[in-house]
Structure formats: C-alpha cells, structure tokens
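If you read the protein sequences in the order shown, they are chains A and B. If you want my numbering, it's the 1-based position in the first sequence plus 118. If you want my numbering, it's the 1-based position in the second sequence plus 118. Below you'll find the structure, written out as structure tokens, and then a few comments.
There are 2 protein chains.
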Amino acid sequence: MHYKDWVKNEFQKLSQSLGFRYFPGQEIQNRLKRVRDGMKQQGIESLLVIQKMDFYYLSGTTQDGFLFLPLEGKPLLMIKRELERARVESPIHDVVSFKSIRDLPLLIQKHRKKLPRNIGLEFDLLPVRDYFKFQEIFPRITLKDSSSVFREARKIKSTFEIDLIRRAGEIGKKVYEEVREILKEGMTEIELGGLMEAVAKRYGHEGLLRVRSLNYQAYSWHILSGPTGGIVSQSDSPMGGLGLSPAFPVGASLRKMETREPILVDFGICYHGYQADQTRMFSIGRMKKKFIDAYQACCEIHDAALEEVRPGVDCAAIFQKTLRLAKKLGYKDSYLGPPGLQTRFIGHGIGLELNELPFIAQGHSYPLEEGMTVAVEPKIVFPGEGAVGIENTITVTENGYEILTSTEQEIFQV
Amino acid sequence: MHYKDWVKNEFQKLSQSLGFRYFPGQEIQNRLKRVRDGMKQQGIESLLVIQKMDFYYLSGTTQDGFLFLPLEGKPLLMIKRELERARVESPIHDVVSFKSIRDLPLLIQKHRKKLPRNIGLEFDLLPVRDYFKFQEIFPRITLKDSSSVFREARKIKSTFEIDLIRRAGEIGKKVYEEVREILKEGMTEIELGGLMEAVAKRYGHEGLLRVRSLNYQAYSWHILSGPTGGIVSQSDSPMGGLGLSPAFPVGASLRKMETREPILVDFGICYHGYQADQTRMFSIGRMKKKFIDAYQACCEIHDAALEEVRPGVDCAAIFQKTLRLAKKLGYKDSYLGPPGLQTRFIGHGIGLELNELPFIAQGHSYPLEEGMTVAVEPKIVFPGEGAVGIENTITVTENGYEILTSTEQEIFQV
Chain A
119 MHYKDWVKNE FQKLSQSLGF RYFPGQEIQN RLKRVRDGMK QQGIESLLVI
169 QKMDFYYLSG TTQDGFLFLP LEGKPLLMIK RELERARVES PIHDVVSFKS
219 IRDLPLLIQK HRKKLPRNIG LEFDLLPVRD YFKFQEIFPR ITLKDSSSVF
269 REARKIKSTF EIDLIRRAGE IGKKVYEEVR EILKEGMTEI ELGGLMEAVA
319 KRYGHEGLLR VRSLNYQAYS WHILSGPTGG IVSQSDSPMG GLGLSPAFPV
369 GASLRKMETR EPILVDFGIC YHGYQADQTR MFSIGRMKKK FIDAYQACCE
419 IHDAALEEVR PGVDCAAIFQ KTLRLAKKLG YKDSYLGPPG LQTRFIGHGI
469 GLELNELPFI AQGHSYPLEE GMTVAVEPKI VFPGEGAVGI ENTITVTENG
519 YEILTSTEQE IFQV
Chain B
119 MHYKDWVKNE FQKLSQSLGF RYFPGQEIQN RLKRVRDGMK QQGIESLLVI
169 QKMDFYYLSG TTQDGFLFLP LEGKPLLMIK RELERARVES PIHDVVSFKS
219 IRDLPLLIQK HRKKLPRNIG LEFDLLPVRD YFKFQEIFPR ITLKDSSSVF
269 REARKIKSTF EIDLIRRAGE IGKKVYEEVR EILKEGMTEI ELGGLMEAVA
319 KRYGHEGLLR VRSLNYQAYS WHILSGPTGG IVSQSDSPMG GLGLSPAFPV
369 GASLRKMETR EPILVDFGIC YHGYQADQTR MFSIGRMKKK FIDAYQACCE
419 IHDAALEEVR PGVDCAAIFQ KTLRLAKKLG YKDSYLGPPG LQTRFIGHGI
469 GLELNELPFI AQGHSYPLEE GMTVAVEPKI VFPGEGAVGI ENTITVTENG
519 YEILTSTEQE IFQV
C-alpha cells in the first residue's frame with residue numbers, strides 16, 4: 119500500500135481507537151487568541167514557533183516543523199517530517215511541506231503576500247546558531263524575543279487542558295495504589311521506580327516529564343529511601359537523591375530499601391503531554407516516629423498553603439506563610455532542604471512543562487488566577503537520615519481550588 | 119548531622135558501594151588534551167563549557183555549573199548546586215561555588231589573573247538569551263562557536279568510554295533475554311516497553327537516551343508491531359511508530375500485539391551516561407515469511423556493511439554499498455522507509471549522545487577512525503504491514519571492528 123494513502127485512510131482510525139485525543143479546532147482558536155493578545159502587548163507582528171511544547175500548544179501536533187503565526191490572518195504550519203500525520207493531528211488548515219529552513223521565507227510570502235516587519239522567536243531556548251541562520255534568511259526583519267508571550271499565555275489552562283491533567287492525576291492514583299503490591303523489603307529504589315513506570319506506561323504515561331531548560335531533564339522515578347533522601351543534587355529541589363551514576367545524579371539509586379525508614383516517592387505522570395505531579399510516603403513496617411511527625415508537619419503546611427489558594431492571592435505571601443508555620447512547628451532548619459541549601463519555593467506551575475508559571479516562591483509577588491495549575495510540595499530533609507513530603511497538583515477555581523491528584527494521603531505502609 | 123560533613127564522610131563510600139564509577143584523573147587529562155588541540159586549530163583561547171554532556175565529558179560531574187577551560191593552565195569548575203558533591207565526583211582540583219552568572223568574570227579573573235581575548239561557547243545549543251547575557255558580562259571579549267571542538271573531540275572514544283558502552287551493551291543483552299519470559303499474546307506494545315525498562319533499570323539503565331538537539335528526545339521503548347512499524351513520524355528514522363498521543367508520537371503504543379506479525383524492538387541502554395543501541399526482532403508464533411525474508415536481507419546488509427568497517431574507509435561509500443545491496447535483494451522501495459520518506463543513513467555515532475559523529479550516511483564522505491563507536495541499523499518498512507531490522511553498536515578497532523551488543527541475532531520467537 120502507498121504510505122500516503124494508508125495514513126489518510128487508516129491512521130486516524132487506528133490512533134483514535136488507541137486513545138489519541140486530538141485538540142478541537144475551537145481549543146486552538148482560543149489559544150491563538152491568548153497568544154495574540156500577548157503579541158499585541160509586546161509589539162510582535164508575527165511568530166515563528168519552534169520549541170516543541172509551544173508548537174504543540176498551538177498546533178496540536180509534535181511533528182517536525184515550524185508554525186508561522188501572524189498577528190492577524192491564518193496561521194501556517196510548515197512540516198518537514200511527517201506531513202500527512204501532521205495534517206491528521208492538527209486542526210490548522212494551511213499545512214505545507216518544506217525541506218530546508220531556507221524555504222521558509224518563500225512559503226511565508228506565498229501565504230501572506232508580504233513578509234512581516236518583525237518575527238518573534240523563543241530566545242529562552244533557541245540556539246545561537248539557529249538565530250544567526252534566521253538573521254541570514256530574514257535579512258530585513260527584526261527578530262524579537264517571544265518567550266514571555268508563551269509563558270504568559272500558557273499559565274492559564276483551559277477546561278480541556280485541566281481535563282488532561284486530571285486524567286494524568288488519575289493514572290498516578292492507580293500507580294500509587296498498585297505500589298502496595300509491588301514494594302518489598304530488599305528491593306532497590308530503582309527496581310521500584312522501574313516497576314512503577316511499567317504500571318504507569320500501561321495506563322498511557324508517556325514516560326517523560328518535560329522541563330523548559332537547556333540542561334535539566336526531569337524523570338518519574340524520584341524514589342528516595344533513608345539516607346538518599348538527604349542528598350542534595352543539581353536540581354533546584356530540596357533533595358535530589360543519589361541517582362544511578364555521576365551522569366544521572368538524581369532520583370532512584372541501586373540502594374536496597376530497609377524497614378522503618380521513610381521512602382519518599384515523587385512520581386509524575388505525563389498524559390498527552392500534560393503532567394500531574396504528586397508525592398506520597400511509603401514505609402516497610404512502621405515508619406520511625408521522627409519521620410511520621412515530620413510528614414504530619416508537611417501535611418499541615420500543605421493544608422495551610424491550600425487554605426490560601428484562590429484568585430487574587432499573592433504567591434510570595436503563601437510561601438512566606440509556610441515558612442512561618444514550618445518554623446513554628448520546629449522545622450526551620452530542615453524545611454525545604456538542609457541549612458544553606460534550602461530551596462525557596464513550595465509550588466511550581468505545571469502543564470506541558472513542569473516549570474511553568476506561577477511559582478509559589480520567595481520573590482514571586484503576583485496573584486494567583488483562575489485556571490492556573492500548580493504542584494504544591496512542602497518537604498522536610500534530614501541529612502544522613504531521610505526526607506519526607508507531600509505533593510499535589512491543584513487547579514485554581516473561581517473561589518478556591520480543586521485537587522487533581524486525589525490519591526489518599528496516609529503513609530502507605532506495607 | 120551537618121550536610122557538608124555527611125557528603126565529605128559518607129557520600130563517596132555510599133555511591134561507590136552502589137556502583138558509581140568516577141572518571142580517573144588521567145582520563146580527564148587525555149580529554150582536555152583532545153579538546154585543546156581543537157581549540158588551537160580554531161583559534162579559541164578559552165572555553166566556557168555549559169551543555170550538560172560536554173560538561174560531564176570534561177569534568178566527570180553533572181552538577182549544575184560551568185567549566186572554564188583556558189588553552190593553557192588549569193581548568194576551573196564553577197558550581198551552583200551542589201558544590202560538595204561536585205568535589206567528590208570530579209577529579210578537577212579547582213572547584214569554586216557561585217550564585218549568579220554575573221559572578222563568573224570575577225571568578226575567572228581570580229583564577230587566571232587576566233581575562234582571555236575570546237571565549238568559545240556551544241552555539242549549536244546555547245540559547246540566544248544566554249548569549250546576550252554573556253555579551254553583557256564579558257563586554258570586551260569575543261564569543262566564538264565551540265560546538266565543533268566538542269563534536270570532533272568526542273567522536274573518538276577512549277578505552278574507558280568503550281568499556282562503559284560495552285557494559286551498556288551487556289545490560290541490553292540481559293534485557294533482551296528476559297523478554298522471552300515477558301512477551302505474551304494480547305500484551306500492548308507499551309506494556310512490553312515498560313516491563314523492559316523495569317528490567318533494564320534494575321541493572322542500572324538510566325532511563326534516558328540523550329540527543330544533541332533542541333527539540334528531539336529519544337527513549338528506549340521503541341517497540342513496533344505489525345502496522346505501527348509502518349508509521350513514519352517526526353524523527354529522522356525509517357519508522358517512528360504510533361506512540362501514545364500526538365504529544366509523544368513515536369515508539370510503543372497501546373496496540374495489542376498479535377501472533378505472527380513482526381515485532382521490532384529497538385531498545386537502547388544508558389549506563390553512566392554512555393549508550394549502546396540495539397534492535398532485535400520478536401514474534402508470537404512463527405513470523406510470516408515476507409518478514410522473515412526481509413529480516414534476513416537486513417542481516418545480510420548489516421554484515422556487508424560491517425565487512426567494510428576499519429580505519430580509513432569512507433562512511434558514505436559504506437552507505438552506498440548497502441543501497442546497492444538492498445536494491446539487488448529486491449528492497450529498493452522499502453529499505454530505510456517507504457518511498458519518498460526513506461532516510462539516508464544506516465549508522466550514527468553513539469556515546470553520551472546518540473547523534474554523535476560519524477554518520478554512515480549519504481554525503482558523509484570522511485574516513486572511519488579507530489575508537490569511533492557507531493550504531494549500525496539497516497531496516498525495511500512495509501506501510502500498513504510492519505517493519506523489520508537489526509542494529510548493533512560497534513567500535514572501530516585497529517584492523518576492523520568489535521560488536522559491543524552481543525545479543526543473539528536470531529528472531530526471538532515466543
């Protein structure tokens with residue numbers, strides 16, 4: 119059979135029978151409007167969308183290519199590989215193929231009659247070499263930084279997006295419940311992590327947690343037991359764990375988990391690109407009292423933070439409230455990391471990437487808004503001994519919040 | 119216990135007891151020399167190493183920071199998080215801490231007395247925004263592109279590196295052997311992929327396959343059965359598969375595998391950052407003759423390519439030889455993809471990333487050299503029906519090659 123015919127006739131049927139949800143046209147229209155509002159504010163006449171998650175956000179596909187978006191008029195999806203699949207996946211009407219980046223000016227000119235005066239590019243991630251190439255192929259066009267247009271547009275989630283995050287949270291709940299049957303004394307952290315991944319993937323977890331960053335890659339298997347919970351590493355996190363080698367120095371290690379120690383399981387799920395992050399505590403036999411107490415403190419801090427969550431409340435103020443409470447509860451020197459290495463956030467926006475706006479953090483003085491989704495994660499760390507914490511992904515509603523990760527919050531004791 | 123004391127006293131012991139292998143000082147010295155030879159050729163006076171795998175290659179750690187490397191004199195490792203761990207992991211002597219990128223000029227001046235006239239940066243990945251920031255903090259210094267210095271230095275592997283890749287290959291072999299016990303009729307592709315990941319991680323697989331690219335992420339679970347083997351997607355690969363959603367449109371899907379169809383398992387392993395890639399075929403019951411024949415053709419093409427492998431042989435010439443053989447064997451229109459979408463490579467350099475030099479590919483007319491490591495992967499694709507292929511990671515030796523992925527090559531029939 120010819121490939122093109124097969125994709126046209128069979129691909130959509132097969133993919134939808136296997137659970138693919140394509141973005142509705144109206145969803146894309148609403149997103150384009152949000153992005154264009156930001157373009158207008160910043161005097162950006164057109165965008166060339168390159169970064170994969172910005173591209174997916176506006177087109178519904180992650181096939182290899184560029185999206186050209188003028189302030190007014192129709193967007194143009196230019197695809198290198200694979201055209202027919204992009205046509206099925208994206209509700210955008212104008213989809214063309216290209217071979218080399220040098221074809222772009224002509225394709226845009228054909229679509230628009232004339233080229234824009236400026237083009238916005240994602241300077242926060244676009245490589246310098248590509249920037250120079252764009253200067254060469256668009257010699258009379260000003261290149262502007264469009265990064266904040268995307269960060270601002272994407273910080274408020276639609277009902278459609280929240281539904282995908284909720285679904286990711288439900289997969290996470292099933293995974294946590296199955297851990298009870300999996301966790302055994304003498305098992306290594308990474309063995310548990312691998313088996314949790316296997317369960318999660320069976321339910322559709324995509325196996326990666328995207329981060330907007332040149333160098334940092336996230337992962338699901340953040341499973342830390344006893345002393346590895348007390349290890350700080352490269353990430354801006356209260357504790358990174360040991361990991362498997364100096365090349366991957368975070369998350370689960372080959373350490374065998376022991377009885378009565380705290381086992382912290384921070385396991386995010388990615389469904390259709392949308393993430394839900396959550397942390398729960400496990401123990402083999404009854405966890406030592408010191409850690410049970412600290413976990414209860416985390417839960418109290420978590421609840422106190424959520425009590426504040428509603429549109430209009432200042433993010434930095436919520437963070438400060440948790441600092442005061444941690445101090446009052448006796449955890450001033452272990453809250454969010456060991457002394458000198460304590461992080462200064464308890465919440466990060468989450469969606470297609472896990473470092474989206476807003477941050478419930480020191481210095482982040484701006485209000486929460488309806489439709490924001492945030493992972494809230496107070497944690498307490500004792501170097502050499504272990505770490506405890508709880509984390510839920512929530513969305514800000516009209517009057518408060520909804521928890522999208524509804525796994526039970528008791529310590530999972532096996 | 120104080121965190122710093124714990125790392126100094128306990129961290130090295132714990133990590134080494136759990137299998138961490140740190141880079142020996144001499145290994146780093148040899149690498150520095152290779153990189154400096156390239157700097158000299160390109161007139162680069164100093165490097166600021168940022169990209170994570172270049173940074174790991176030269177420092178032995180992946181903690182968050184920058185490496186400053188002058189053409190002559192001692193390198194300076196500047197660490198943001200976490201300093202004590204970097205000191206344990208890296209054999210570099212001069213290790214200092216910093217808080218903001220604005221501290222860099224002063225730290226470098228302290229180390230060197232005066233600033234260099236130019237600094238090399240990895241323009242192939244460094245974000246534009248960071249480039250502008252460096253222009254601002256180093257106003258009188260020329261910023262040059264250092265990408266090719268790294269690509270050239272890293273294309274030849276040391277005995278130490280080849281040993282880590284061999285170890286990754288051995289983990290892969292164990293994983294493939296255990297699949298026999300796992301694969302069952304009615305299981306989905308991703309279920310198998312998840313369980314293979316679980317086995318691999320238990321042996322130390324780090325769960326990610328790094329690629330030097332802004333937008334493309336690789337993954338281990340490239341498991342394609344019957345028709346999904348015929349699907350082309352975003353990647354420059356003969357077949358991408360269906361994947362789990364438009365956000366992750368490659369690799370294993372939720373399709374249930376059926377009897378007698380070809381099941382292509384392309385499963386890479388990452389050990390201490392170093393990758394070994396391999397592909398084998400599976401079937402539930404006896405695979406249909408059409409696919410057995412095509413698989414035998416792949417093996418014949420694979421063997422014919424390896425027959426040419428030794429220092430001095432032209433990469434493009436090897437690729438052309440395989441094209442002629444595929445045509446002779448009757449697979450002109452299915453070799454390396456469907457017509458119009460055929461890729462033009464059968465081998466990619468592999469090490470810390472899986473798109474390293476060399477490429478055994480059209481247009482890549484340069485000689486193989488001793489110490490190169492390459493994944494060789496002839497594949498045949500029938501749209502709507504399935505794909506077959508074989509892949510091994512090899513290293514070029516003085517007179518020929520060594521296969522680093524010694525899994526048996528018969529079809530795994532369960």
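C-beta: ideal position from N, C-alpha, C; glycine also. All figures in this text were calculated on a predicted structure; none of them were measured in a lab.
- Closer than 9 Å to the CB of Asp-212/B there is not a single CB belonging to chain A.
- Taking each of His-229/A, Gln-144/A and Asn-148/A in turn and checking the Cα distance to Leu-185/A, the smallest one comes out for His-229/A.
- If you check each beta-carbon in the region 302-318 of chain A against every beta-carbon of chain B, the ones closer than 8 Å belong to Thr-306, Ile-308, Glu-309, Gly-311, Gly-312, Leu-313, Glu-315, Ala-316, Val-317 and Ala-318.
- Taking the beta carbon of His-466/B as reference, no residue of chain A falls within 7 Å; the closest one sits roughly 16 Å away.
- Not one beta carbon of chain B lies nearer than 9 Å to the beta carbon of Glu-270/A.
- Taking a C-beta distance under 9 Å as the contact criterion, Asp-395/A and Ala-493/A qualify as a contact pair.
- Under the Cβ distance rule, Ser-371/A counts among the residues neighbouring chain B, one pair being separated by less than 9 Å.
- One thing to note: Gly-430/A has its Cβ no nearer than 9 Å to the Cβ of Leu-475/A.
- Among the bridge pairs identified by DSSP, Phe-463/A is matched with Ala-479/A.
- Note on geometry: alpha-carbon atoms of Val-532/A and Ala-286/A lie some 25 Å from one another.
- Chain B places no beta carbon closer than 9 Å to that of Lys-275/A, leaving this residue out of the contacts.
- In summary, the residues of the region 173-192 of chain A whose CB is separated from some CB of chain B by less than 7 Å are Tyr-174, Gly-178, Thr-179, Thr-180, Gln-181 and Asp-182, in the order they occur in the chain.
- At a cut-off of 9 Å between C-beta atoms, Tyr-453/B does not count as an interface residue with respect to chain A.
- Its Cα nearest to that of Ser-264/A, the residue Phe-173/A stands out among Arg-258/A, Phe-173/A and Arg-320/A.
- Buried is the label assigned to Ser-343/B, since at least 16 other Cβ atoms lie within 10 Å of its Cβ.
- The residues Ile-436 and Lys-439, in chain order, have a CB closer than 7 Å to that of Glu-426/A in the same chain once the five nearest residues on each side in sequence are set aside.
- Rounded to whole angstroms, the gap between the alpha carbons of Ser-401/B and Glu-528/B is 11 Å.
- Annotation for Lys-262/B: the continuous beta strand (DSSP E) segment containing it runs 260-263.
- Comparing C-alpha distances from Gly-191/B to each of Ser-208/B, Ile-226/B and Thr-180/B shows the shortest one belongs to Ile-226/B.
- In the three-state reduction of the DSSP assignment, Lys-217/B falls in the coil class.
- Within chain B, no residue has its beta carbon less than 7 Å from that of Asn-473/A; the closest one is some 14 Å off.
- In terms of Cα proximity to Gly-359/A, the closest of Gly-311/A, Ile-419/A, Lys-151/A and Glu-324/A is Gly-311/A.
- Under the 8 Å Cβ criterion, the region 510-518 of chain B counts as touching the region 280-298 of chain B, having at least three qualifying pairs.
- Of the residues Ser-266/B, Glu-296/B, Leu-189/B and Tyr-140/B, the one whose Cα lies closest to the Cα of Glu-207/B is Tyr-140/B.
- Counting C-beta pairs with one atom in each stretch, the region 214-223 of chain B and the region 234-244 of chain B have fewer than three that are closer than 8 Å, which means they do not touch.
- Contact of Asp-242/B with chain A by beta-carbon distance below 9 Å involves Pro-245, Val-246, Arg-247 and Asp-248.
- In this structure, the straight-line span from the alpha carbon of Arg-258/B to that of Phe-250/A is close to 21 Å.
- Only residues of its own chain outside the window of five on either side were considered, and among them Leu-233, Ile-255 and Phe-256 have a CB closer than 8 Å to the CB of Pro-223/B, listed in chain order.
- If the five residues before and after Ala-271/A are omitted, its C-beta is found closer than 6 Å to the C-beta atoms of Arg-152, Val-153 and Gly-156, all from its own chain and listed in chain order.
- The beta carbon of Gln-134/B sits closer than 7 Å to no other beta carbon from its chain once the five residues preceding and following it are set aside.
- Bounds of any beta strand (DSSP E) do not take in Pro-234/A, whose DSSP letter is neither H nor E.
- In the DSSP assignment, the residues bridged to Met-399/A are Leu-382/A.
- In this structure, DSSP gives Lys-291/B a helical state, which the three-state scheme calls helix.
- At the C-beta level, Ser-363/A and Phe-138/B come within 9 Å of one another.
- With 16 or more neighbouring CB atoms inside 10 Å of its own CB, Arg-203/A falls in the buried class.
- Taking a Cβ-Cβ threshold of 7 Å, the residues of chain B close to Lys-170/A are Asn-333, in chain order.
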